[in-house]
Structures are given as C-alpha cells and as structure tokens.
Amino acid sequence: MFRLNVTTLCAIKWDCVIVDEAHRLKNEKSQLYKACYQIKTRRRYGLTGTIMQNKYIELFNVFDWAAPGCLGPREHFLEYYGEPLKQGQRISAPERFVRIAEERKQHLVKVLGRHLLRRTKQETIGHLMRGKADNVVFCKMSDLQIQAYRRLLRSPDFQLLISKDLPCTCGSHLTRVECCHRTAPDGVIWSYLHRENPDGCECCPLCIVLPCLIKLQQVSNHLELIKPSSKDDPEKQKKDEQFASAALGEDAVLVGGLQQDESFMGMSDAQHCGKMRALEKLLETWLSKADKVLLFSCSVKMLDILDRFLVRKAYSFCRLDGSTPMGVRQTLVDSFNNSPSKQVFLISTRAGGLGLNLVSANRVVIFDPNWNPAQDLQAQDRSFRYGQRRHVTVYRLLAAGSIEELVYSRQIYKQQLFNIGVNGTSEKRYFEGVQDSKLYKGELFGISNLFRDLLETVFTSEIIENHEERLTGIHRTSSEQCAKQGLLGEHAVSSKLEIEDDIENSELSALSQEQDGIEDEIESPNDTQSCSESQYEHILKDAGVLYAHRNEEVVNLGGAVQKHKRPKTKEQICSMNDPKTLIPSFVVDEHQRLATPSTLKILSENGQEDDTVGQKRKYEEIFKLEEMDETTKWFLSGSSLCPTQSIDCCKAVFK
Numbered sequence: 001m002f003r004l005n006v007t008t009l010c011a012i013k014w015d016c017v018i019v020d021e022a023h024r025l026k027n028e029k030s031q032l033y034k035a036c037y038q039i040k041t042r043r044r045y046g047l048t049g050t051i052m053q054n055k056y057i058e059l060f061n062v063f064d065w066a067a068p069g070c071l072g073p074r075e076h077f078l079e080y081y082g083e084p085l086k087q088g089q090r091i092s093a094p095e096r097f098v099r100i101a102e103e104r105k106q107h108l109v110k111v112l113g114r115h116l117l118r119r120t121k122q123e124t125i126g127h128l129m130r131g132k133a134d135n136v137v138f139c140k141m142s143d144l145q146i147q148a149y150r151r152l153l154r155s156p157d158f159q160l161l162i163s164k165d166l167p168c169t170c171g172s173h174l175t176r177v178e179c180c181h182r183t184a185p186d187g188v189i190w191s192y193l194h195r196e197n198p199d200g201c202e203c204c205p206l207c208i209v210l211p212c213l214i215k216l217q218q219v220s221n222h223l224e225l226i227k228p229s230s231k232d233d234p235e236k237q238k239k240d241e242q243f244a245s246a247a248l249g250e251d252a253v254l255v256g257g258l259q260q261d262e263s264f265m266g267m268s269d270a271q272h273c274g275k276m277r278a279l280e281k282l283l284e285t286w287l288s289k290a291d292k293v294l295l296f297s298c299s300v301k302m303l304d305i306l307d308r309f310l311v312r313k314a315y316s317f318c319r320l321d322g323s324t325p326m327g328v329r330q331t332l333v334d335s336f337n338n339s340p341s342k343q344v345f346l347i348s349t350r351a352g353g354l355g356l357n358l359v360s361a362n363r364v365v366i367f368d369p370n371w372n373p374a375q376d377l378q379a380q381d382r383s384f385r386y387g388q389r390r391h392v393t394v395y396r397l398l399a400a401g402s403i404e405e406l407v408y409s410r411q412i413y414k415q416q417l418f419n420i421g422v423n424g425t426s427e428k429r430y431f432e433g434v435q436d437s438k439l440y441k442g443e444l445f446g447i448s449n450l451f452r453d454l455l456e457t458v459f460t461s462e463i464i465e466n467h468e469e470r471l472t473g474i475h476r477t478s479s480e481q482c483a484k485q486g487l488l489g490e491h492a493v494s495s496k497l498e499i500e501d502d503i504e505n506s507e508l509s510a511l512s513q514e515q516d517g518i519e520d521e522i523e524s525p526n527d528t529q530s531c532s533e534s535q536y537e538h539i540l541k542d543a544g545v546l547y548a549h550r551n552e553e554v555v556n557l558g559g560a561v562q563k564h565k566r567p568k569t570k571e572q573i574c575s576m577n578d579p580k581t582l583i584p585s586f587v588v589d590e591h592q593r594l595a596t597p598s599t600l601k602i603l604s605e606n607g608q609e610d611d612t613v614g615q616k617r618k619y620e621e622i623f624k625l626e627e628m629d630e631t632t633k634w635f636l637s638g639s640s641l642c643p644t645q646s647i648d649c650c651k652a653v654f655k
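Under the UniProt record's numbering, the first residue of the sequence shown carries the number 1, and numbering increases by one thereafter.
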C-alpha cells in the first residue's frame with residue numbers, strides 16, 4: 001500500500017514517521033527501503049524485535065535509515081566494525097585480532113546506544129515469566145533417508161558443485177569450473193533448468209545451488225517430499241520422478257514407488273522419517289498430560305504430511321499457513337486458546353511467526369530449521385510472551401548429519417554476531433569460517449561445505465566438544481600467567497581454581513551423558529505436569545535421538561557491556577559478597593570469555609541463573625547502576641566490606 005502511494009506520501013513534509021517491523025529495511029537495494037528513505041521528515045522511528053538477522057550490513061541499513069549518517073559511510077562501517085568483529089570471532093584468530101575486535105565492539109555498542117532504545121523481555125517482564133528451555137535435538141535419519149541422501153551427493157548435479165574448485169582433469173592450471181566442467185548434461189536438475197539452453201548460462205554451475213539445497217532439505221524432512229505432485233505441470237512431474245528415481249533407487253518400492261502416496265495411511269507413516277518418530281513419542285507424552293503444542297514447519301508440503309499424521313493419531317488441531325485468509329486467522333487463534341480440546345496448532349513458520357498470541361501452549365516444536373535464526377526465535381515467541389503462565393519447552397528437531405546441521409550452525413554464528421555487535425557480549429569462538437570471506441570459509445561457508453557428507457558424524461557435537469577441549473587448555477594457561485603476574489590476588493586465585501574444578505566436573509558429566517546418547521531435558525521443578533528427566537531421556541532414546549543440547553548454553557547470552565536492570569532488593573545485592581566476584585573488572589571480562597557458561601552451566605533446573613555466573617553479573621550491575629569509574633571498581637574489588645557498605649563509602653569518597 002505504501003509503495004503504491006510513495007510519490008504522494010513523499011511529497012508531504014512529515015513531522016514524524018514511525019515504521020513498524022523496521023528490520024524489513026535491512027536491504028538497501030529493495031524497493032521498500034528506497035521508498036522509505038525518500039520520506040521527508042525531521043524524525044524517524046523504527047520498531048523491531050530483530051534489528052539484525054543475518055549480517056552487519058543489515059544493522060547499518062536500519063540505523064542509516066533512522067538516523068542518516070550516524071554510522072558513517074557504508075564501506076567504512078564494514079571495514080571498521082564489521083570485518084574486525086567477524087575476524088576476531090574466528091577460532092584461530094591471533095590475539096591481536098581478538099583485542100581489536102573487543103575494542104571495536106565496545107565502540108560500536110556505545111555509538112549504537114545514542115540511537116537505540118532496547119528493552120528485552122527478560123528486563124521488562126522476566127519476573128512474570130516462568131522461563132523457557134530451548135532444546136536442540138539431533139534425530140537419526142532412517143536407513144532409507146541416509147541412503148537417499150548419499151545417492152544425491154553422488155549424483156552428477158551435486159558432484160558438479162562439490163568438485164567445482166578442484167584442479168581440472170585436462171591438466172590445465174585452472175579449476176574445473178573455470179575450464180571444462182561448468183555444466184552437467186546428465187544431471188536431472190541441471191538438465192531441467194537448462195532445457196531451453198543446453199549450453200548452460202552465465203551463472204553455471206551456481207544456478208543449481210538453491211534447487212540442490214532444497215532437495216537435501218526435503219530428504220532430511222520426509223522422503224515423500226521429493227516425489228512428484230499431481231498438482232504440478234507434467235514437465236515438472238517428469239523431472240521430479242526422475243529425481244526421485246535417482247535418490248531412492250531400488251528402495252523406491254519400500255516407500256510406495258516413485259509417485260507421491262496420496263493415501264491417508266501412506267502420507268502419515270512415520271516409519272521412514274527420523275524426526276517424525278521423535279515427534280510421535282514427544283506428542284504422546286505431552287498430550288497425555290493436557291499440554292498444548294505449537295508445531296512449526298517452513299514447508300507447506302511438510303505441513304500437509306503433518307496434517308495427515310495428526311489426523312491418524314486422532315489429535316484435535318488447528319492449522320494456519322499462507323493460504324489461510326486474514327479474517328480467519330484470529331478466529332483460529334481464539335479457538336485454540338479458549339478450547340481445552342484443541343491440542344496442537346500446526347503453523348507455517350513464515351505465515352504464523354509474527355503477531356500471533358498463543359500463550360495457551362507450553363510446548364513448541366520447530367520441525368525444520370530456517371536459515372534466518374530470527375524466524376525460529378519469532379516462532380518460539382508465539383508462546384513465550386506476556387500472558388504465559390507456564391514454563392515453555394521448545395524442541396528444534398534436526399536431522400543429524402544432514403544439511404540441517406549446517407543450517408543450525410549458521411544460526412549459531414549469526415546469533416553470535418548479533419550478540420557481539422548489539423549486546424556487546426563476549427561469545428564463544430566455535431568456528432574457523434568468516435562470513436563473506438573467500439579466504440576463511442572454514443567449516444561453515446562455501447559450496448563445498450554445503451554439500452559435504454556428514455552422515456557418519458554429528459557435526460555440531462564435534463564442534464562444541466572441540467571448543468570445550470580448547471577452552472580448558474587456554475583457560476589454564478591464561479590463569480597461570482595471570483597468577484604469575486600477580487594480577488588476580490588471593491580471592492581471585494581461589495576463584496580460578498574453583499572454576500577449573502567446575503570445568504573438569506562438567507566435562508565428566510557431559511562425557512557420561514554422551515555415552516548415554518543424549519542430554520536430559522531439564523524442566524522447571526515448579527511445573528507440576530512435567531516429566532522426570534529420566535523419562536524424557538528414555539523417550540528420546542527410543543526415538544533414535546543421537547545428541548541434544550540447550551541453545552542458550554551454546555550461544556552465550558551473558559557478559560553484556562550495556563546497561564543492566566536495577567536489582568530488585570537489598571538482599572540481592574548483599575548476596576553478592578562472594579570471593580568469586582571480587583576480581584578486578586578487566587580480569588573478570590577476560591575469564592568470562594574463557595570460562596563460558598557451557599562449562600559453568602548458566603541455567604539451573606528451574607530456568608534461573610546459576611550462582612557462579614548470576615552473582616557476578618549482579619555485582620557488575622552495581623557499577624553501572626551507580627555510574628562508578630574504574631577507581632571505584634578497584635576499591636570495591638579489594639574491599640572486605642559488605643557491597644552495600646562499600647557503595648556508600650564510594651559515594652562519599654569519589655562523589
């Protein structure tokens with residue numbers, strides 16, 4: 001509507017312009033951005049819950065619209081902030097890069113603070129919420145899925161992409177894509193896309209990347225998705241049948257042939273889908289306790305399969321996707337929230353990820369991950385929002401060893417970029433890859449990584465384990481050096497040793513959990529309807545789950561340099577008189593990065609912060625609360641007085 005009337009609206013000199021969902025202005029090349037930028041006004045306000053979703057350039061574009069020039073030229077922003085922050089997050093980054101990234105991060109947060117007013121859910125209504133557990137579950141694919149996935153990786157289309165940067169077989173010094181291997185005439189996907197241009201196009205072979213990714217995602221979700229649909233045109237049906245034949249091979253007879261099974265029983269069968277087996281077990285447990293479930297998927301075809309699955313299991317459910325009329329959507333929401341008989345809400349992630357209030361549900365399942373982490377987080381917030389009176393449990397289902405693991409790893413990377421640039425946190429360095437870098441593609445970026453065979457491993461588990469091993473070694477080395485230099489003092493040395501003991505104990509605990517196959521789900525003890533941890537462990541084991549963890553333990557959400565909320569009671573402040581917290585601030589910051597919450601466990605079983613991390617954070621709140629300088633911090637850190645007494649003394653001496 002706005003774009004249709006942009007000429008008329010831009011001719012008016014507005015006193016104030018307010019843009020809702022301002023993150024949609026992330027692309028400076030979009031028509032929406034260009035239209036909004038032309039508005040004549042003295043004041044611009046943008047409202048959004050996800051100011052940055054994928055890249056730092058998105059952050060720049062939103063701020064440059066709201067306050068033109070506040071971050072300087074686009075190229076300067078990327079060179080001065082974006083690139084150093086990304087390079088400093090590389091796992092093998094030199095100490096100099098890490099130090100520069102820390103300096104630029106603090107400067108960026110300070111600059112953004114002049115134009116950014118941010119209020120998180122935890123800061124505003126956290127005391128009214130019962131908490132959320134964001135579980136990531138890695139499900140073993142069925143044997144047929146694994147075989148189909150492997151056949152795809154060996155097919156001509158995929159081999160063209162996987163080997164494109166290898167030396168050409170003709171003996172030249174060029175790569176295959178630069179010399180003799182730009183096309184794949186015997187590939188099903190390539191032949192279909194170039195049926196009118198058999199010599200290929202200017203983009204070959206990159207033109208088949210997206211279709212190939214979609215096929216891998218379909219196999220990871222359900223084998224019926226790769227079969228031809230009777231709703232498509234005959235030419236596309238023929239292509240899909242050829243592709244299904246290449247993927248399923250002689251196993252096609254086991255899944256009802258090469259044509260999509262339109263029968264009710266065939267579409268709802270969970271036998272050959274690893275994630276549906278896990279979903280089946282979880283739903284049986286939850287719905288037997290009168291829990292309500294939100295079930296999200298990015299694919300409408302997958303929603304159709306889940307629809308039949310829910311009917312087969314005799315569950316009462318609602319459904320909302322892109323085809324649902326706008327006038328009907330609120331009726332569906334009200335029906336689900338007000339009717340105890342409605343057990344499951346089947347929702348398209350894109351169509352239902354924004355604006356819906358579904359607080360009657362306390363369980364959320366994200367069946368397939370999105371490349372954009374904000375999409376999945378917004379989906380969770382349909383239940384975890386104001387008005388929710390129960391503890392919310394989220395399950396993200398991933399097919400272990402598939403493209404979905406790489407999608408989730410990129411979600412972690414993007415969430416970390418956001419936390420560093422906007423929140424000013426110190427994030428764990430898991431990856432060698434650097435976004436938009438041709439030199440440092442690492443394990444995350446580049447076409448060769450997208451189509452890598454990970455079927456024999458749990459990629460994410462290995463990344464996290466490698467980080468923990470590296471973290472333990474670096475932490476001990478750094479702590480020994482600090483102790484030799486006399487920087488820590490008596491209390492800090494004892495704290496250092498206790499932290500190391502915690503690391504060792506947590507590693508032994510993690511090792512025993514990995515031998516069992518999964519990590520336990522931790523429910524709020526206040527939730528009277530929750531299952532015991534051993535029961536959930538048994539459920540997930542039976543469903544073939546290989547590995548699981550909490551997303552909040554992987555993405556470090558602590559250590560922000562921005563303003564914290566005020567402690568509520570004097571008792572909370574007094575409880576922070578602990579030797580572990582009496583460390584000079586610059587030493588605490590360094591060790592907070594090294595001894596991260598995955599080893600110290602940032603959340604306890606009731607969803608509250610662990611004492612070791614929580615008390616340190618509360619103590620740091622005092623510094624910002626009273627606007628104290630470094631001298632005051634040194635006085636507090638070396639004082640034996642109660643923190644409240646120290647504060648009064650500091651006010652008298654330094655103010």
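The beta carbon of each residue, even a glycine, is placed where N, CA and C say it ideally should be.
None of these values were measured; they are calculated from a predicted model.
Whole-number beta carbon distance between residue j and residue i, since they are thought to touch under 8 Å
{"i": "Pro205", "j": "Lys164", "result": "6 Å"}
{"i": "Asp307", "j": "Arg319", "result": "6 Å"}
{"i": "Gln104", "j": "Leu85", "result": "In the sequence as displayed, the identity of residue 104 is Arg instead of Gln. About 6 Å separates the two Cβ atoms, so the contact holds."}
{"i": "Trp65", "j": "Lys40", "result": "With a Cβ gap of about 13 Å, Trp65 and Lys40 do not count as contacting."}
{"i": "Leu223", "j": "Ala148", "result": "6 Å"}
{"i": "Gly442", "j": "Phe431", "result": "6 Å"}
{"i": "Gly274", "j": "Lys140", "result": "5 Å"}
Pairwise C-alpha distance: residue j and residue i
{"i": "Leu332", "j": "Met302", "result": "20 Å"}
{"i": "Met440", "j": "Gln87", "result": "Going by the sequence as given, residue 440 is Tyr instead of Met. C-alpha separation (whole angstroms): 9 Å."}
{"i": "Gln343", "j": "Ala361", "result": "9 Å"}
{"i": "Cys298", "j": "Ile125", "result": "30 Å"}
{"i": "His549", "j": "Asp186", "result": "42 Å"}
{"i": "Cys70", "j": "Glu28", "result": "16 Å"}
{"i": "Ser479", "j": "Glu95", "result": "Residue placement at Ser479 is flagged as unreliable, the pLDDT there being 41, under the threshold of 50; the coordinate-derived value follows with that caveat. Spanning the two alpha carbons is a distance of roughly 16 Å."}
{"i": "Cys10", "j": "Arg182", "result": "47 Å"}
{"i": "Phe459", "j": "Leu444", "result": "11 Å"}
{"i": "Ser512", "j": "Glu75", "result": "Residue confidence is low: Ser512 scores 36 on pLDDT, short of 50, so the model does not pin down where it sits. No coordinate-derived value is stated."}
{"i": "Val177", "j": "Cys168", "result": "8 Å"}
{"i": "Gly46", "j": "Lys289", "result": "42 Å"}
{"i": "Tyr81", "j": "Asn551", "result": "26 Å"}
{"i": "Cys180", "j": "Arg195", "result": "20 Å"}
Residue from the options whose Cα sits closest to the Cα of residue i
{"i": "Glu537", "options": "Ser448, Leu444, Leu310 and Leu282", "result": "Leu282"}
{"i": "Met267", "options": "Asp304, Ser341 and Gly352", "result": "Asp304"}
{"i": "Val209", "options": "Lys414, Phe158, Gly355 and Arg363", "result": "Phe158"}
{"i": "Pro325", "options": "Ala351, Asp453 and Arg363", "result": "Ala351"}
{"i": "Phe345", "options": "Arg382, Ser323, Pro373 and Gly327", "result": "Arg382"}
{"i": "Gly387", "options": "Arg470, Asn357 and Lys414", "result": "Asn357"}
{"i": "Arg3", "options": "Glu21, Lys26 and Ser30", "result": "Ser30"}
{"i": "Asp542", "options": "Asn338, Gln378 and Arg277", "result": "Arg277"}
{"i": "Gly544", "options": "Glu280, Ser341 and Gln435", "result": "Glu280"}
{"i": "Ala133", "options": "Cys203, His467, Phe384 and Gln415", "result": "Phe384"}
Residues near residue i by beta carbon distance below 6 Å, same chain, minus five either side
{"i": "Tyr395", "result": "Asn135, Val137 and Val365"}
{"i": "Asn221", "result": "Met302 and Asp368"}
{"i": "Val98", "result": "Gly88"}
{"i": "Ile420", "result": "Leu85, Lys105 and Glu427"}
{"i": "Val17", "result": "Ile39, Thr41 and Arg44"}
{"i": "Arg363", "result": "Trp286, Asp291, Val293 and Thr393"}
{"i": "Phe317", "result": "Leu310, Val344 and Leu346"}
Contacts around residue i, its chain only, beta-carbon distance under 8 Å, and the 5 residues preceding and following it disregarded
{"i": "Arg389", "result": "Arg130 and Val359"}
{"i": "Lys215", "result": "Leu152, Ile189, Ile226, Phe243 and Ala247"}
{"i": "Thr8", "result": "none"}
Cβ of residue i within 8 Å of any chain C Cβ
{"i": "Lys239", "result": "The chain inventory of the structure shown lacks chain C, comprising one protein chain alone."}
Cβ-based neighbour list, residue i, same chain, cut-off 7 Å, excluding 5 preceding and 5 following
{"i": "Pro369", "result": "Asp376, Arg396, Leu398, Glu404, Val407, Tyr408 and Gln411"}
{"i": "Asp261", "result": "Glu224 and Met267"}
{"i": "His23", "result": "Thr48, Thr50, Ile51, Gln53 and Val62"}
Where the alpha helix (DSSP H) through residue i begins and ends
{"i": "His107", "result": "Glu95 to Gly113"}
{"i": "Thr124", "result": "Lys121 to Ile125"}
{"i": "Asn221", "result": "Val209 to Asn221"}
{"i": "Arg74", "result": "Arg74 to Phe77"}
{"i": "Phe243", "result": "Pro234 to Leu248"}
Boundaries (first-last residue) of the beta strand (DSSP E) holding residue i
{"i": "Arg550", "result": "Val545 to Arg550"}
{"i": "Val434", "result": "Segment: none, Val434 is in no beta strand (DSSP E) and carries neither H nor E."}
{"i": "Asp20", "result": "Val17 to Asp20"}
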